[in-house]
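Numbering (the working numbering), first residue to last: 2 to 126.
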């Protein structure tokens, strides 16, 4: 059974790895759906390099916004939720689930309660 815990730096490597595996099937579709110059502008050195950079920045710069799903101590997914007090809004900024755990409902069920509570805080401002 999995549970949701707060992010800790020791999760970083596993979360980056599972994120790349989770999005591996997405980027070929994106590449085919947008003009080549757009894709190249966003990913001049390939999508993996850009994703690693962007996701590393999220984990390093806002760890307090990251929750991790673990199964028997092993990270199986994560979510970064941001609050926007000026707009009284919450945002799911990043969500990634290990491909071995996708399509089981674990991501949605686990994070829905926690993310809703996070979003409710936005309305309290």
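By construction, the Cβ of each residue, glycine as well, lies at the ideal position given by its N, Cα and C atoms.
Does the distance from the C-beta atom of residue i to that of residue j stay below 8 angstroms?
i, j, result
"residue 101", "residue 78", "no"
"residue 71", "residue 3", "yes"
"residue 13", "residue 60", "yes"
"residue 15", "residue 64", "no"
"residue 17", "residue 49", "no"
"residue 44", "residue 51", "yes"
Where does residue i fall in DSSP's three states?
i, result
"residue 91", "strand"
"residue 67", "strand"
"residue 9", "coil"
"residue 80", "strand"
"residue 105", "coil"
"residue 35", "coil"
"residue 99", "coil"
With respect to 7 angstroms, is the separation between the Cβ of residue i and the closest non-hydrogen atom of the ligand FAD below this value?
i, result
"residue 8", "Among the components modelled here there is no ligand, and therefore nothing to report on the ligand FAD."
Taking just the CA atoms, how far does residue j sit from residue i?
i, j, result
"residue 57", "residue 69", "15 angstroms"
"residue 55", "residue 35", "20 angstroms"
"residue 6", "residue 74", "10 angstroms"
"residue 84", "residue 91", "4 angstroms"
"residue 32", "residue 95", "20 angstroms"
"residue 47", "residue 104", "27 angstroms"
"residue 28", "residue 37", "13 angstroms"
"residue 10", "residue 42", "31 angstroms"
"residue 87", "residue 80", "22 angstroms"
When DSSP builds the beta bridges, which residues end up paired with residue i?
i, result
"residue 72", "3, 75"
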